[in-house]
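The listed protein sequences correspond, in order, to chains P and Z.
FYI, my numbering numbers position 154 of the first sequence as 154, with every residue one higher than the one before it.
FYI, my numbering numbers position 104 of the second sequence as 104, with every residue one higher than the one before it.
This report refers to the structure that appears directly beneath it.
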Amino acid sequence: MSFLRVSAAIATALLLGVIQEGCSTGPTTVRAASVKDDKDRHPAPDFALKDADGKTVHLADYKGKVVLLDFWATWCGPCRIEIPWFEEIERTRKDKGLEVLGVSMDDNGWEDVKPFLAQMKVNYRVVIGDDTTAQKYGGVDSLPTTFLIDKQGKIAAIHIGLDGGRKDFEDGVDALLREDDAPVNAGNGGVPPAVAAAKQ
Amino acid sequence: MLAMVVCLPLLRPQSSERVTVGQPQKVAGKRNDAVETKIPVSILDGYHVNSNTPSDEYLIPLKVTWTSLGALEGGQVTYPKAEKITVGDQTLSVFTGKFDLAVNFKISPKAPAGPGIATGKLGFQACNNKMCFPPKSVEFNVPYQVQ
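Structure below.
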C-alpha cells in the first residue's frame, strides 16, 4: 500500500471519528439537562403525513411551536407507557406553545391505529408514518423514538427507548418553551427558517 | 444540512440479530407416516418476543406460516409454554432464551419417493424492557426424505 493510500485511510478514519464525536447524542437517552445548545441543533426534516381526518400535516405547520414528535406503534409496549405522559404534557403545556405529534409506524395504518387511539383516549394529533419519513429521521429502528423540536424547527433532543422517564420530557419541553421565539421570516412562505434551510 | 444528513444515521442503535432460527431436523418416513421436527429458536439475552398468544390484541404474536409444504401435509406447530413478564403496568406473555417449536406433519399418500424441502417463515416482534423493534420474519427450510 502506498504512502498516499495509507494517509488517505488514516485521514478517512480521523474524519469519521470526528463526525461520530460530533454526533455524540448517540442512541442513549438525551437527558433534559443536556438539551443541545442552539449551535449544535440541526433542522428537523419536514414531512407530509395524513392525520386521522385525512388532513395532510407538515412539520412546517408548527412554526414557532415546540414540538414533541413521537414515533410509536400500537404493538410497542414501551410506547404505550409513554402515551399518558404525552397526554398530560400536551394538556398542561398546549397553551404555552407545545404540540405533541405522534407518528404511528403501524403497517396496517388507521385500521389498527384508530381503535387504539380511542381505547387510549389519546388527546394529541397522530399521523401515519412511512419509511421515507423514518429514513429522514435516521431510520427509527426502534420504538419509541421521540424528538424534541424547538421553536425554530431544530432538533434539540432525542429520546430513544423508555430510559429517562416522564420528567426528562417535561424538563426538556419546559426548557424549550422558555427559549425566545424564532424571528419570523416573511419571505420564506411561512416555513420556519431551519426547515426551509433543510429543503435547500 | 450536510451535518444533519451525516449525523442522523448514526443515531440508530446498534443492531444485532435479536432472534435466530436454527436448522430444523430432517424428517424421514414412508407415505402416510406421521413425522415430527423441531425448529430451534434463540432470543438474544435481554430481549423477548410476544408468545403465540399475546396478552393484548395489538401485540404481534410469534407465528409459523408455511410457504410450501412439498410432499408433507399438516404442519401444526406446538409452541412452548409462555412466560409472564411485567413491563410498566403491563403483564406480557412472551418467549425468551432458547426453545424449540415442535411441528407435526403427515407424509402425503401421493408423495414421490426421494428428498424434498418444505419452507416456512417465523414471524415475530421483539422488544426489551425499554424499546421495541419492527415486526420481522425469518425463512427456514425443513428437509425431508420420502422412503
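Idealized CB from N, CA, C, for every residue including glycine.
If you check the beta carbons only, do residue i and residue j fall under 7 Å apart?
i      : j      : result
V35/P  : A156/P : yes
A73/P  : L143/P : yes
V100/P : L59/P  : no
V103/P : G139/P : no
G77/P  : Q90/Z  : yes
R166/P : W85/P  : yes
K154/P : R80/P  : no
D181/P : K151/P : yes
G97/P  : V127/P : no
E87/P  : N123/P : yes
G29/Z  : A71/Z  : no
G164/P : L148/P : no
Have a look at the DSSP bridge pairing and note the partners of residue i.
i      : result
K114/P : Note: K114/P sits in no beta bridge, so no partner.
F99/Z  : V41/Z
E36/Z  : N104/Z
P43/P  : K154/P
T65/Z  : K121/Z
Q90/Z  : V87/Z
R125/P : L101/P
G74/Z  : F105/Z
Residues of chain P with CB closer than 9 Å to the CB of residue i, please, in chain order.
i      : result
G114/Z : Within chain P, no residue comes near G114/Z; the closest Cβ sits about 40 Å away, beyond 9 Å.
What does residue i touch in chain P if you count any residue whose Cβ is under 8 Å from its own?
i      : result
F133/Z : D141, S142, L143
V87/Z  : G77, P78, I81
Might you give, ordered along the chain, the residues of its own chain that have their beta carbon closer than 7 Å to the beta carbon of residue i, omitting 5 neighbours on each side?
i      : result
G74/Z  : N104, F105, K106
Q25/Z  : T37, K38
G109/P : I128
V131/Z : Residue identity differs from the one stated: residue 131/Z is Met in this sequence, not Val. Contacts found: none.
L59/Z  : N50
F140/Z : V21, P24, I39, G120, L122
So residue i contacts chain P; which residues on that side make the cut at Cβ distance below 7 Å?
i      : result
E92/Z  : The question names Glu, yet the displayed sequence has Leu at residue 92/Z. Near L92/Z (Cβ distances below 7 Å), the residues of chain P are G77.
Q125/Z : W75
Leaving out five residues before and five after residue i in sequence, what residues of the same chain have Cβ atoms less than 8 Å from its Cβ?
i      : result
S93/Z  : N50, S51, T53, P54, S55, A82, E83, K84
S24/P  : Caution applies to S24/P, whose pLDDT of 38 falls short of 50 and renders its modelled position unreliable; the model cannot decide the point.
G187/P : Confidence at G187/P is low in this model, with a pLDDT of 35, below 50, so the placement of that residue should be treated as unreliable; the coordinate-derived value is given next. Taken in chain order, the list of residues that qualify is empty.
Run down chain Z in chain order and give the residues with a C-beta less than 8 Å from the C-beta of residue i.
i      : result
F116/P : Y58
D214/P : The requested residue 214/P is not part of the displayed model; chain P covers only 1 to 200.
Mind listing the chain Z neighbours of residue i? Cutoff is C-beta to C-beta under 7 Å, in chain order.
i      : result
D163/P : K130
Please go through the same chain and pick out, in chain order, the residues whose beta-carbon is closer than 6 Å to the beta-carbon of residue i, but skip the five residues on each side of it.
i      : result
V32/Z  : Here residue 32/Z turns out to be Asn, not Val, going by the sequence shown. Around N32/Z: P109.
F124/Z : V19, V49, L62
What residue ranges within the segment 45 to 97 of chain P form continuous alpha helix (DSSP H) runs of no fewer than 4 residues, ordered along the chain?
-> Segments of the alpha helix (DSSP H) lying fully in the segment 45 to 97 of chain P: 77 to 93.
What are the complete beta strand (DSSP E) segments, minimum 3 residues, inside the segment 108 to 147 of chain Z?
-> Complete beta strand (DSSP E) runs here, min 3: 114 to 124, 136 to 146.
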